[in-house]
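Participant: Before anything else, here's the structure in question.
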Amino acid sequence: MKVEHIKIGTPVTYYTVVKANGEKWDPKPTFITSDPWTLGDGAIVCKVDGVAGGVAISHLEKREIVVNKNRKS
11 MKVEHIKIGT PVTYYTVVKA NGEKWDPKPT FITSDPWTLG DGAIVCKVDG VAGGVAISHL
71 EKREIVVNKN RKS
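Heads up, the sequence shown is in our numbering, so the first residue is 11 and it goes up one at a time.
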């Protein structure tokens, strides 16, 4: 995910593991809860709901939330 797409409230999938070959494991649906910041090593991180501390934005993918307006309650 690019830093310009990091907005509080954005629904994302957080992958706890991203391998060097790009393979992603352990997806968790969540939401961004902070603005991004840069660590000393240059990694850009932000906070997401349900995870302690910052997570690398390279472990995030934006997800769409589809609302079915035709659903009857």
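For every residue, glycine included, the Cβ atom is placed at its ideal position computed from N, Cα and C.
Taking the alpha carbon of Lys34 as the reference point, which residue from Ile42, Tyr24, Thr43 has its own alpha carbon closest?
Facilitator: Among Ile42, Tyr24, Thr43, the Cα nearest to that of Lys34 is on Tyr24.
Participant: For Ile18, does the count of other Cβ atoms within 10 angstroms reach 16, so buried, or fall short, so exposed?
Facilitator: Classification for Ile18: exposed.
Participant: Taking all protein chains shown into account, decide if Ile42 is buried (16 or more other Cβ within 10 angstroms of its Cβ) or exposed.
Facilitator: Buried: at least 16 other Cβ atoms inside 10 Å.
Participant: Measure the Cβ-Cβ separation of Thr20 and Lys38 and say whether it is below 9 Å.
Facilitator: No, the Cβ-Cβ distance between Thr20 and Lys38 is not below 9 Å.
Participant: Return yes when the Cβ of Lys29 is within less than 9 Å of the Cβ of Ile67, no when it is not.
Facilitator: Going by C-beta atoms, Ile67 is not nearer than 9 Å to Lys29.
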